[in-house]
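Keeping their order, the protein sequence lines are chains X and L. Residue 276 in numbering that gives the first Met the number 0 sits at position 277 of the first sequence; the count goes up by one each step and never skips. Residue 64 in numbering that gives the first Met the number 0 sits at position 65 of the second sequence; the count goes up by one each step and never skips. Note that CB positions come from ideal geometry on N, CA and C, so glycine has one too. Heads up, the thing below is written out as structure tokens.
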Amino acid sequence: MTTRPLLLTGGHLLDPSIGLDGTGDLLLVDGVVAAVGGSIAGPADAIRVDCSGRHVTPGFIDVHCHLREPGREDVETIATGARAAAAGGFTAVCAMPNTDPVTDNQAAVGFIRAQAAKADASRVYPIGAISVGMNGDRLSEMGEMVAAGAVAVSDDGRPVVSAQLMRTALEYARTFGIPVADHCEEPTLAHGGVMNEGIISARLGLKGIPSESEEIMVIRDILLARRTGGRVHLCHMSTWGSVELIRWGKERGIPVTAEVCPHHLTLTEDRVGQYDTNAKMNPPLRTQRDVDALVAALKDGTIDCVATDHAPHHNDEKNREFADAPNGIVGLETALSVLMTWLVAPGTITLSQLVEKMSCAPARVFGLAGGTLRRGAIADVTVLDAAAAWTVQGSDFRSKGRNSPWLGSTLRGRVDRCIVGGRQVHVRDGLA
Amino acid sequence: MTSLGKDLLDLESLSPEQITAILDTAEPLKAISLRAIKKVPTLRGETIVNLFFEASTRTRVSFEFAEKRMSADAVNVAIGNSSVSKGETLVDTARNLEAMKIDMVVIRHQASGAARFLAERIESNVINAGDGTHEHPTQGLLDLLTLRDRWGSLQGRRVCLCGDVLHSRVARSNIHGLRKMGAEVAVCGPRSLLPNGAEEALGVTVFDRIEAAIEWADALNILRLQLERMTAGYIPSLREYNRVFGVTRERLDRAPRDLLILHPGPMTRGVEIDSDVADGPHSLILDQVTNGVAVRMAVLYLLRGGRPDLATAGTAAGE
Numbered sequence: 000m001t002t003r004p005l006l007l008t009g010g011h012l013l014d015p016s017i018g019l020d021g022t023g024d025l026l027l028v029d030g031v032v033a034a035v036g037g038s039i040a041g042p043a044d045a046i047r048v049d050c051s052g053r054h055v056t057p058g059f060i061d062v063h064c065h066l067r068e069p070g071r072e073d074v075e076t077i078a079t080g081a082r083a084a085a086a087g088g089f090t091a092v093c094a095m096p097n098t099d100p101v102t103d104n105q106a107a108v109g110f111i112r113a114q115a116a117k118a119d120a121s122r123v124y125p126i127g128a129i130s131v132g133m134n135g136d137r138l139s140e141m142g143e144m145v146a147a148g149a150v151a152v153s154d155d156g157r158p159v160v161s162a163q164l165m166r167t168a169l170e171y172a173r174t175f176g177i178p179v180a181d182h183c184e185e186p187t188l189a190h191g192g193v194m195n196e197g198i199i200s201a202r203l204g205l206k207g208i209p210s211e212s213e214e215i216m217v218i219r220d221i222l223l224a225r226r227t228g229g230r231v232h233l234c235h236m237s238t239w240g241s242v243e244l245i246r247w248g249k250e251r252g253i254p255v256t257a258e259v260c261p262h263h264l265t266l267t268e269d270r271v272g273q274y275d276t277n278a279k280m281n282p283p284l285r286t287q288r289d290v291d292a293l294v295a296a297l298k299d300g301t302i303d304c305v306a307t308d309h310a311p312h313h314n315d316e317k318n319r320e321f322a323d324a325p326n327g328i329v330g331l332e333t334a335l336s337v338l339m340t341w342l343v344a345p346g347t348i349t350l351s352q353l354v355e356k357m358s359c360a361p362a363r364v365f366g367l368a369g370g371t372l373r374r375g376a377i378a379d380v381t382v383l384d385a386a387a388a389w390t391v392q393g394s395d396f397r398s399k400g401r402n403s404p405w406l407g408s409t410l411r412g413r414v415d416r417c418i419v420g421g422r423q424v425h426v427r428d429g430l431a
Numbered sequence: 000m001t002s003l004g005k006d007l008l009d010l011e012s013l014s015p016e017q018i019t020a021i022l023d024t025a026e027p028l029k030a031i032s033l034r035a036i037k038k039v040p041t042l043r044g045e046t047i048v049n050l051f052f053e054a055s056t057r058t059r060v061s062f063e064f065a066e067k068r069m070s071a072d073a074v075n076v077a078i079g080n081s082s083v084s085k086g087e088t089l090v091d092t093a094r095n096l097e098a099m100k101i102d103m104v105v106i107r108h109q110a111s112g113a114a115r116f117l118a119e120r121i122e123s124n125v126i127n128a129g130d131g132t133h134e135h136p137t138q139g140l141l142d143l144l145t146l147r148d149r150w151g152s153l154q155g156r157r158v159c160l161c162g163d164v165l166h167s168r169v170a171r172s173n174i175h176g177l178r179k180m181g182a183e184v185a186v187c188g189p190r191s192l193l194p195n196g197a198e199e200a201l202g203v204t205v206f207d208r209i210e211a212a213i214e215w216a217d218a219l220n221i222l223r224l225q226l227e228r229m230t231a232g233y234i235p236s237l238r239e240y241n242r243v244f245g246v247t248r249e250r251l252d253r254a255p256r257d258l259l260i261l262h263p264g265p266m267t268r269g270v271e272i273d274s275d276v277a278d279g280p281h282s283l284i285l286d287q288v289t290n291g292v293a294v295r296m297a298v299l300y301l302l303r304g305g306r307p308d309l310a311t312a313g314t315a316a317g318e
């Protein structure tokens with residue numbers, strides 16, 4: 000499909016990967032960045048978009064989301080997930096394999112890619128399962144899945160309980176140069192827990208999940224990465240102790256990367272309030288000490304990138320007793336604004352640093368195209384209005400999920416346009 | 000009159016004045032149970048559903064007596080006979096009950112927060128009869144009433160909750176209620192059966208040894224080991240538990256003062272409490288049961304707006 004050239008004019012170009020931070024034009028031709036910066040005349044047939052007053056950044060990349068298809072198309076499909084991603088400024092997302100059936104073979108990987116192509120929105124990269132059926136017993140066929148388009152392996156949603164299987168996965172994945180993304184949770188400690196173990200869980204009479212449940216697996220994985228040389232990527236970090244362990248590993252040159260979610264950077268266990276299931280997630284919301292450590296770790300590079308862990312659930316499933324409600328919240332459409340509101344607006348980090356964490360770093364960590372506006376790079380671009388304020392309403396979500404702790408909140412910063420391969424796949428309502 | 004609001008979900012959110020109002024209301028209501036015809040018309044025409052998702056004898060019967068002595072129409076719904084066993088959700092159950100135009104629901108549920116979940120979704124008054132490991136407010140109130148009867152005031156008294164505090168909803172209600180009424184509260188048991196950080200989370204002192212608790216306390220409220228809630232091996236054996244933490248006559252004999260003994264039941268004699276303690280002169284265990292009916296009558300009465308003229312009035316038969 001041919002696409003007319005796209006010329007974004009007068010925007011604030013912001014790309015830490017090439018040190019870009021100033022007003023200029025951006026020309027996208029044939030799916031790649033043709034010219035960047037300064038005043039660009041552009042070809043006569045180019046679509047021209049006035050971006051003055053807006054930031055133009057490399058497209059965001061989410062290395063961790065759940066799109067539910069196949070199996071739970073009632074709560075999300077690859078198409079609705081990809082459109083939600085575009086609305087949130089994500090030009091690419093990585094879909095976790097805990098679908099039904101599990102994405103543990105090349106056919107399943109191919110199916111996701113085919114559905115994503117039909118969706119015609121953001122790019123969707125499949126993540127294959129580490130083990131067959133995510134049962135933790137036998138390695139799945141990573142080589143074939145990578146050949147079919149998988150970009151990483153993970154049993155996310157379940158920890159890899161067997162240290163031997165994790166070791167083998169790290170060794171085997173090296174062959175294909177992909178990271179092994181682990182859900183760090185020591186299951187016998189976390190067993191039955193539904194929120195952070197602490198003062199609030201003691202008061203509410205809810206079984207807690209101690210921080211050590213995560214940290215034990217974090218240090219295990221780091222040590223196994225040291226032993227094997229395989230790249231371990233630690234999913235959704237939530238505790239200050241994990242931060243210290245990752246720092247320890249990185250200081251020793253161990254191949255470990257880590258992600259953190261917007262909710263763990265901004266909310267504490269207090270948000271559970273009176274059994275609010277939109278504050279129920281795994282790992283659970285922790286304490287202010289943990290939040291502070293995670294923010295500091297994001298700033299200093301101990302934690303590499305932001306990921307949403309977008310986890311849509313049907314309203315009926317969330318609208319029940321806290322202990323019985325499923326874990327997770329939607330996040331694709333609020334991630335940027337939540338972090339702009341809580342981290343950028345108060346001056347904790349700059350918008351440029353946020354772009355690095357949401358775009359450049361995820362591309363680097365998972366070895367994906369994008370994450371840069373460098374000439375010749377794929378033309379995946381996000382245009383955002385940093386000054387906009389908006390109130391989160393579930394009915395506005397492109398995702399089928401409405402399970403967000405930010406419903407009704409007024410947030411700063413909003414995505415105007417999402418451009419994938421040089422084509423606008425999302426333009427905010429009301430804009431030309 | 001001090002209002003309780005729409006529901007009674009916990010003692011943590013009640014003020015000392017509200018707790019006092021319930022206890023003061025319960026006091027004269029005790030007399031109703033001593034009459035020849037144990038009935039007043041206070042809640043005539045009111046429909047109450049006792050919704051028990053967990054097995055219960057003591058609490059359910061106590062509520063049912065309270066409701067019937069106040070002339071309410073009470074319906075018991077047990078989990079095994081309900082649509083819930085066919086997969087109906089709690090919110091659907093609530094909507095159906097509401098559609099039947101009931102006035103109050105007494106709910107016992109295995110999930111912490113279930114009573115609040117229901118209360119936020121229906122117009123009827125909701126009384127928490129025990130939600131998971133969270134609270135059991137009427138049990139807490141009857142324990143307060145039982146101790147207040149003996150002491151006159153709870154101010155400055157020392158009460159220790161002994162045993163499986165981790166899984167005990169009774170413990171949380173007692174801790175909140177006793178502290179609000181000016182008592183000092185401690186817990187005693189193996190650390191594996193105490194909430195992590197109990198001191199900070201619940202504002203209690205922690206005793207690792209039962210001997211130290213006995214030396215400190217004016218009253219012991221002895222909790223059952225909730226073996227059905229224990230998903231991990233929290234203690235090595237019941238035998239060892241009794242040897243280390245059991246409240247025995249021998250241990251009480253070494254106490255510096257006579258201790259009042261409470262137990263919310265059901266008791267496991269020979270494990271957390273020995274029979275000669277349970278049946279001994281300082282045991283208030285049966286007083287607790289008697290007071291339970293009065294406290295529940297008081298709560299029902301106050302939640303329905305409290306009509307003093309009907310609270311203790313005689314029936315038309317004029318007893």
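With a threshold of 8 Å between beta carbons, X:E196 makes contact with chain L.
Residue nearest to X:T76 within the set X:A115, X:S153, X:T333, X:G370 is X:A115 (criterion: CA-CA distance).
Contact with chain L is found for X:L205, since one of that chain's Cβ atoms lies less than 8 Å from the residue's Cβ. Residues of the segment 77-96 of chain X with a C-beta less than 8 Å from any C-beta of chain L: none at all. Judged by DSSP secondary structure, X:T79 falls within the alpha helix (DSSP H) whose first and last residues are 77-86. Between L:R248 and L:G269, the gap from beta carbon to beta carbon reaches 8 Å or more.
Assignment of beta-bridge partners to X:W389 by DSSP yields X:L410. For X:F365, not one C-beta of chain L is nearer than 8 Å to its own C-beta. Taking 7 Å as the upper bound on Cβ-Cβ separation, chain X lies near residues R115, F116 of the segment 115-126 of chain L. X:E258 and L:L143 have their alpha carbons spaced roughly 50 Å apart. Of all residues in the segment 320-332 of chain X, only E320, F321, A322, D323 place a beta-carbon less than 8 Å from a beta-carbon of chain L. The three-state reading of DSSP puts X:C234 in coil, since its state is none of H, G, I, E or B. Runs of the beta strand (DSSP E) lying entirely within the segment 166-214 of chain L and spanning at least 3 residues, in chain order: 183-187, 204-206. For X:G156, no alpha helix (DSSP H) run applies, since DSSP gives it neither H nor E. A distance of 8 Å or more separates the beta carbons of L:I234 and L:S167. With a cutoff of 8 Å on beta-carbon distance, L:A197 and L:V164 are scored as near each other. Annotation: L:A110 to X:T381 spans about 44 Å, alpha carbon to alpha carbon. By the 16-neighbour rule on beta-carbons within 10 angstroms, X:A172 is buried. DSSP places X:E258 within a strand segment (E or B) once states are collapsed to three. Nearest neighbour of X:R373 by Cα position, chosen from X:L7, X:T8, X:D14, turns out to be X:D14. For X:C183, the three-state secondary structure derived from DSSP is coil. By the CB criterion at 8 Å, L:E45 and L:A25 fall outside the cutoff. Taking 8 Å as the threshold, the shortest C-beta distance from X:N134 to chain L does not fall below it.
As a beta-bridge residue in DSSP terms, L:F51 pairs with L:A77, L:R107. L:P194 has a beta carbon lying within less than 8 Å of a beta carbon in chain X. If you draw a 10 Å sphere on the C-beta of X:M144, you find 16 or more other C-beta atoms in it, and that means buried.
Contact between X:S130 and X:L164 holds: their C-beta atoms lie close to 6 Å from each other, under 8 Å. Under the criterion of beta carbons closer than 8 Å, X:G207 and X:S200 qualify as touching, at roughly 4 Å. In this structure, the alpha-carbon of L:M180 lies about 29 Å from that of X:D275. Taking a Cβ-Cβ threshold of 7 Å, none of the residues of chain X is close to L:S236; the smallest such distance is about 21 Å.
Counting C-beta pairs with one atom in each stretch, the segment 297-317 of chain X and the segment 249-266 of chain X have three or more that are closer than 8 Å, which means they touch. The beta-carbon distance between L:L299 and L:I260, rounded to whole angstroms, is 28 Å. This is too long to meet the 8 Å contact definition. X:G23 has its alpha-carbon roughly 46 Å from the corresponding atom of X:R157. Residues of the segment 267-295 of chain X with a C-beta atom less than 8 Å from some C-beta of chain L are Q273, Y274, listed in chain order.
In the three-state scheme derived from DSSP, where H, G and I count as helix and E and B as strand, X:P57 is classed as strand.
Residue-level contact check: L:R171 touches chain X, since one or more beta carbons of chain X fall below 8 Å from its beta carbon.
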